[in-house]
Amino acid sequence: MDLLYTLIIGAVSGWLAGTLFKGYGFGLIGNIIIGIVGGFIGFWLFGKLGISLGSGTISTILTSAAGAIVLLFVVGLFRKK
């Protein structure tokens, strides 16, 4: 069940990051992967900065989306147009 929850959170946060950061989407599977990796980045980064959005599903999605946006920004620096 945890794997399914992680995939759903990853999909939502990857879609949200792709929507907010126009032109950097990678399709459904790519956005899920970006969302999952972004979740790890977001939780690590927010932990280092001492930022907490609270607890619950919404804060998890927002933290994962923030990490996915950071990841999309870094990938965009290296990606050729």
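Residue numbering for the sequence shown follows the working numbering, starting at 2 and increasing by one per position.
For each residue, glycine too, the CB sits at the ideal point set by N, CA and C.
Quick caveat: nothing in here was measured; it's all calculated off a predicted structure.
What does a CB cutoff of less than 6 Å around residue i pick up in its chain, not counting 5 residues either side in sequence?
i: Ser-60; result: Leu-54
Just confirm the distance between the C-beta atoms of residue i and residue j, as a whole number of angstroms; I'd bet it's less than 8 Å.
i: Ile-62; j: Leu-17; result: 7 Å
Using C-beta distances below 8 Å, list every residue in its chain close to residue i, excluding the 5 sequence neighbours before and after it, in chain order.
i: Val-38; result: Gly-68, Ala-69 and Leu-72
i: Ile-42; result: Gly-68, Ala-69, Val-71 and Leu-72
State yes or no: is the beta carbon of residue i nearer than 8 Å to at least one beta carbon in chain B?
i: Ile-30; result: The question asks about chain B, but that chain is absent: this structure has only one protein chain.
Beta-carbon within less than 7 Å of residue i's beta-carbon, same chain only, minus the 5 sequence neighbours each way: which residues are those?
i: Ile-1; result: In the structure displayed, the chain extends from 2 to 82; residue 1 sits before or after that span and is not available.
| request: At 3 residues or longer, and completely inside the stretch 14-39: list those beta strand (DSSP E) runs for me, N to C. | output: none
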